[in-house]
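Protein chains in written order, with this note's numbering: chain Z, 167 to 648; chain H, 368 to 531.
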Amino acid sequence: MPLRHVVIGGGPAGLFAIETIRARDPEAQITLVSDEPPYSRMVLPYYIAGEIPEGHVYTGNPAYWERLGTTVVTGTRATAIEPDRGRVALSAGASVAFDRLLLATGSSPVRPDIPGATGERVHHLWTLADAQRTLAVIGGRKRRVVFIGAGFIGFIVLNALAKIGCELAVVEVEGQILPRMLDAEAASLARGWLEGRGIAVHTGVRAVEIGEAGGDKAVRLSSGATLRGDLVVMAIGVRPNVELATASGIRTDHGILVDHHLQTSVPHVYAAGDCAQGPDLSTGQPAVHAIQPTAVEHGRVAGANMAGRPTRYAGSLAMNVLDVVGLQCASFGLWRGDGSEATPASVVVHRGRPLYRKLVWDGDRVVGAILLGPAEDVGLLNDLGMIKGLIQTQAGLGPWAKGLRANPMDIRRAFVAAGTPGRLLDRTLLGRPLENQRHRFGDRAPARGGERTAEVREQIKLEPTRGKGGGPREAATDVVMD
Amino acid sequence: MAHRSLRIVPDRCTGCMQCELACSWVQTGSFQPSRSVIRVHVFDEQASYAPYTCFQCHEAWCMSACPVNAIAIHPDTGAKVVLPETCVGCSLCAIACPFGTIFWDPATHKAFKCHLCGGDPACAKACPTAAILYEELAAPDWVEPWAAKLTERLAAAAGASDAA
Numbered sequence: 167m168p169l170r171h172v173v174i175g176g177g178p179a180g181l182f183a184i185e186t187i188r189a190r191d192p193e194a195q196i197t198l199v200s201d202e203p204p205y206s207r208m209v210l211p212y213y214i215a216g217e218i219p220e221g222h223v224y225t226g227n228p229a230y231w232e233r234l235g236t237t238v239v240t241g242t243r244a245t246a247i248e249p250d251r252g253r254v255a256l257s258a259g260a261s262v263a264f265d266r267l268l269l270a271t272g273s274s275p276v277r278p279d280i281p282g283a284t285g286e287r288v289h290h291l292w293t294l295a296d297a298q299r300t301l302a303v304i305g306g307r308k309r310r311v312v313f314i315g316a317g318f319i320g321f322i323v324l325n326a327l328a329k330i331g332c333e334l335a336v337v338e339v340e341g342q343i344l345p346r347m348l349d350a351e352a353a354s355l356a357r358g359w360l361e362g363r364g365i366a367v368h369t370g371v372r373a374v375e376i377g378e379a380g381g382d383k384a385v386r387l388s389s390g391a392t393l394r395g396d397l398v399v400m401a402i403g404v405r406p407n408v409e410l411a412t413a414s415g416i417r418t419d420h421g422i423l424v425d426h427h428l429q430t431s432v433p434h435v436y437a438a439g440d441c442a443q444g445p446d447l448s449t450g451q452p453a454v455h456a457i458q459p460t461a462v463e464h465g466r467v468a469g470a471n472m473a474g475r476p477t478r479y480a481g482s483l484a485m486n487v488l489d490v491v492g493l494q495c496a497s498f499g500l501w502r503g504d505g506s507e508a509t510p511a512s513v514v515v516h517r518g519r520p521l522y523r524k525l526v527w528d529g530d531r532v533v534g535a536i537l538l539g540p541a542e543d544v545g546l547l548n549d550l551g552m553i554k555g556l557i558q559t560q561a562g563l564g565p566w567a568k569g570l571r572a573n574p575m576d577i578r579r580a581f582v583a584a585g586t587p588g589r590l591l592d593r594t595l596l597g598r599p600l601e602n603q604r605h606r607f608g609d610r611a612p613a614r615g616g617e618r619t620a621e622v623r624e625q626i627k628l629e630p631t632r633g634k635g636g637g638p639r640e641a642a643t644d645v646v647m648d
Numbered sequence: 368m369a370h371r372s373l374r375i376v377p378d379r380c381t382g383c384m385q386c387e388l389a390c391s392w393v394q395t396g397s398f399q400p401s402r403s404v405i406r407v408h409v410f411d412e413q414a415s416y417a418p419y420t421c422f423q424c425h426e427a428w429c430m431s432a433c434p435v436n437a438i439a440i441h442p443d444t445g446a447k448v449v450l451p452e453t454c455v456g457c458s459l460c461a462i463a464c465p466f467g468t469i470f471w472d473p474a475t476h477k478a479f480k481c482h483l484c485g486g487d488p489a490c491a492k493a494c495p496t497a498a499i500l501y502e503e504l505a506a507p508d509w510v511e512p513w514a515a516k517l518t519e520r521l522a523a524a525a526g527a528s529d530a531a
């Protein structure tokens with residue numbers, strides 16, 4: 167009898183799990199339970215900024231689900247899990263039976279506990295419905311918007327509203343912006359950049375009340391000041407959705423605790439993505455990394471294990487990249503580097519540009535990094551991936567460490583010369599090549615052989631080498647290699 | 368079907384940078400080495416030069432990190448290619464790729480990477496010393512043997528200067 171898989175949550179963790187299960191088990195029965203239609207939360211800011219149509223955000227359609235042989239139950243929440251009986255109860259009253267269950271329930275924005283936080287024109291910007299509500303308030307005009315919370319998600323949205331000309335102010339209770347992504351030095355450079363572009367930044371103050379004044383929203387601060395706007399966006403953080411797991415006797419901490427196979431404390435029940443607290447690659451300790459790349463990796467590894475292919479996950483890497491109104495900011499791994507390390511961090515600062523780079527060391531290994539600089543700064547943009555590669559492989563740089571400490575801008579030579587690519591090429595997450603994702607999102611039937619041939623040919627139009635070319639040449643005589 | 372890959376022979380590279388010029392011409396229609404997706408790493412102290420670009424790796428970190436499925440495998444070459452009309456420019460691929468071979472373009476606000484020029488790589492054609500070849504490869508890692516020797520030479524040089 168085919169295994170019955172139930173996936174709760176239609177975000178990237180759930181979808182990648184389903185694709186992975188299907189790729190490994192053509193017989194499996196798969197059911198997705200999701201309260202929202204599946205879409206990509208990551209791209210909502212581009213929708214808000216008017217750069218993409220609403221249709222671009224969706225990640226599934228009937229043809230896609232049919233090809234994946236997945237029964238989709240949307241507009242429905244799972245209300246209880248009975249692990250012993252292998253059943254999930256649904257809000258619609260029915261229930262669904264499982265042999266393997268994935269909790270990919272995501273996370274939810276935290277609502278500040280202050281008067282007025284539930285009022286009109288006070289929004290989270292987390293769901294597609296939030297985005298639509300906000301676009302309705304903005305109505306194509308240059309509105310004044312007050313942000314409560316200056317974290318990653320707040321800035322993703324702020325950037326989108328800046329693109330459409332809104333007048334923006336940010337309130338952050340901590341002493342700096344982006345406290346979970348940048349250190350104080352980088353944050354102060356980012357703050358200067360924002361202020362230079364007319365965005366008001368208020369740190370170290372709390373919003374104590376959201377009221378109304380002459381048709382405006384009025385955010386009263388602990389400092390006594392009041393900020394007025396047409397709209398208030400709340401972005402003080404997100405919290406893993408663990409209630410379903412906790413109520414079912416599954417072990418939770420901050421998130422749903424999972425092992426190196428993404429299995430929870432209950433056999434055959436897995437968790438992935440924002441709701442899961444799994445191994446952190448840098449520390450080995452359980453951590454919630456509520457970011458898209460972790461959701462994808464979790465989903466793939468959980469899916470492989472659910473489909474009966476034991477697959478161990480080394481852990482997720484904390485990382486973020488953010489465009490702050492034209493200033494690129496990124497951080498990776500153990501970026502905090504509080505000065506207690508035996509090897510001091512390597513830092514380059516150019517405040518006038520502004521440019522900031524910090525590499526945090528453990529002996530001859532780079533274990534964390536912060537990069538900040540204008541988006542036009544190709545040096546910064548070029549180095550993002552290599553820094554991630556160095557931290558991910560956790561490999562010592564040996565004699566190359568000295569040069570990189572002296573000049574942290576010279577990441578590329580150290581990366582290549584230390585043989586880092588070789589440490590990456592022989593590893594894949596699931597121990598085999600990634601299939602072409604022919605199933606994902608599109609509504610075209612997969613071509614024989616599976617590639618998205620028509621779509622690729624339509625978008626990739628390459629003229630064969632435009633410059634003067636000498637044509638293929640004979641290999642030169644081998645030079646003598648020592 | 369086995370696809371051809373770029374095989375780089377660093378010991379043949381003289382650091383002339385013609386590959387970077389040719390690549391940026393294909394990528395952008397202008398000569399901007401900083402927008403080339405093949406980069407020559409210069410080790411003048413050891414008279415060694417290493418062109419480096421996407422390995423078209425099996426894991427395809429960029430492809431699975433993309434939230435809108437804007438990276439696909441080209442049916443003719445097997446190259447992982449960015450579909451520019453689908454890409455929203457979120458940069459997730461650029462932080463997910465541990466090889467550092469996919470980039471966000473400040474001019475277009477889209478990702479860009481090596482697409483093997485549709486099966487006729489300009490870098491390989493431009494290279495005057497055949498340090499960049501396009502052929503079927505059993506193992507894609509051309510870096511390791513070269514890097515190991517370079518590292519040995521660096522360590523030996525450091526040892527010699529310590530002894531002096």
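All residues carry an ideal CB built from backbone N, CA and C; glycine is no exception.
Residue closest to residue i, alpha-carbon to alpha-carbon, out of the options
| i | options | result |
| --- | --- | --- |
| threonine 460 of chain Z | Z/Met552, Z/Gly377, Z/Gly272 and Z/Ile536 | Z/Gly272 |
| glutamine 195 of chain Z | Z/Leu267, Z/Arg578, Z/His464 and Z/Val582 | Z/Leu267 |
| cysteine 481 of chain H | H/Pro418, H/Glu519, H/Ala369 and H/Ala524 | H/Pro418 |
| lysine 554 of chain Z | H/Cys457, H/Ile462, H/Cys380 and H/Phe398 | H/Ile462 |
| histidine 464 of chain Z | Z/Gly439, Z/Asn486, Z/Leu447 and Z/Phe498 | Z/Gly439 |
| glycine 499 of chain Z | Z/Leu525, Z/Gly505, Z/Tyr479 and Z/Val490 | Z/Leu525 |
| tyrosine 205 of chain Z | Z/Asn227, Z/Arg188 and Z/Asp191 | Z/Asn227 |
| isoleucine 365 of chain Z | Z/Thr412, Z/Gly481, Z/Gly380 and Z/Ile343 | Z/Ile343 |
| asparagine 436 of chain H | Z/Ala456, Z/Thr240, Z/Ala244 and Z/His222 | Z/His222 |
| alanine 524 of chain H | H/Cys429, H/Tyr501 and H/Gln413 | H/Gln413 |
| threonine 197 of chain Z | Z/Val172, Z/Gly216, Z/Val209 and Z/Glu409 | Z/Val172 |
| proline 512 of chain H | Z/Pro278, Z/Leu234 and Z/Ala583 | Z/Ala583 |
| glycine 235 of chain Z | Z/Gly390, Z/Ala189 and Z/Glu621 | Z/Ala189 |
| glycine 474 of chain Z | Z/Leu488, Z/Asn486, Z/Leu428 and Z/Ser497 | Z/Leu428 |
| threonine 518 of chain H | Z/Asn573, Z/Trp566, Z/Leu595 and Z/Phe581 | Z/Trp566 |
| valine 448 of chain H | H/Ser458, H/Leu483, H/Pro465 and H/Phe466 | H/Leu483 |
Whether residue i touches residue j by CB criterion (8 Å)
| i | j | result |
| --- | --- | --- |
| glutamine 558 of chain Z | leucine 483 of chain Z | yes |
| valine 514 of chain Z | methionine 575 of chain Z | yes |
| cysteine 441 of chain Z | leucine 269 of chain Z | yes |
| leucine 355 of chain Z | proline 540 of chain Z | no |
| arginine 466 of chain Z | phenylalanine 182 of chain Z | yes |
| glycine 282 of chain Z | valine 276 of chain Z | no |
| isoleucine 214 of chain Z | valine 323 of chain Z | yes |
Helix, strand or coil at residue i [DSSP, three-state]
| i | result |
| --- | --- |
| aspartate 609 of chain Z | Per-residue confidence for aspartate 609 of chain Z stands at a pLDDT of 40, beneath the threshold of 50, marking its modelled position as unreliable; the derived number appears in the next sentence. In the structure shown, aspartate 609 of chain Z sits in coil (DSSP, three-state: anything other than H, G, I, E or B). |
| arginine 405 of chain Z | strand |
| serine 200 of chain Z | strand |
| serine 403 of chain H | coil |
| leucine 344 of chain H | Since the first residue shown for chain H is 368 and the last is 531, residue 344 of chain H is missing from the structure and cannot be characterised. |
| serine 391 of chain H | helix |
| histidine 455 of chain Z | coil |
| glutamate 640 of chain Z | Unreliable placement is indicated for glutamate 640 of chain Z, whose pLDDT of 39 sits below 50; no coordinate value is reported for it. |
| aspartate 446 of chain Z | strand |
| threonine 460 of chain Z | helix |
| glutamate 340 of chain Z | coil |
| threonine 586 of chain Z | helix |
| isoleucine 440 of chain H | strand |
| serine 354 of chain Z | helix |
| glutamine 195 of chain Z | strand |
| phenylalanine 182 of chain Z | helix |
Distance between residue j and residue i (C-alpha atoms, nearest Å)
| i | j | result |
| --- | --- | --- |
| serine 414 of chain Z | alanine 255 of chain Z | 11 Å |
| arginine 610 of chain Z | phenylalanine 422 of chain H | The predicted position of arginine 610 of chain Z is uncertain, since its pLDDT is 40 and thus under 50; a value taken from the coordinates is nonetheless stated next. Using only the alpha carbons, I get a separation of about 29 Å. |
| isoleucine 405 of chain H | valine 371 of chain Z | 48 Å |
| isoleucine 184 of chain Z | valine 544 of chain Z | 37 Å |
| glutamate 718 of chain Z | leucine 169 of chain Z | There is simply no residue 718 of chain Z to check, as chain Z begins at 167 and stops at 648 in what is shown. |
| alanine 515 of chain H | proline 507 of chain H | 16 Å |
| valine 393 of chain H | alanine 489 of chain H | 7 Å |
| threonine 242 of chain Z | arginine 253 of chain Z | 15 Å |
| arginine 593 of chain Z | histidine 425 of chain H | 9 Å |
At which residue ranges does the region 464-544 of chain Z contain complete beta strand (DSSP E) runs of 3 or more residues, listed in the order of the chain? 485-490, 493-499, 512-516, 521-528 and 531-540
As an exercise, report each continuous beta strand (DSSP E) stretch of at least 3 residues that is fully enclosed by the region 371-424 of chain Z, in chain order. 373-379, 382-387, 392-395, 397-400 and 404-406
Which ranges would you report for the beta strand (DSSP E) in the region 456-486 of chain H if only whole runs of at least 3 residues count? 469-472 and 477-480
Can you give, in chain order, each stretch of the beta strand (DSSP E) that sits fully within the region 246-324 of chain Z and has at least 3 residues? 253-256, 261-263, 266-269, 273-275, 288-290 and 310-314
Runs of 4 residues minimum, wholly inside the region 496-527 of chain H: which ones carry the alpha helix (DSSP H) assignment? none
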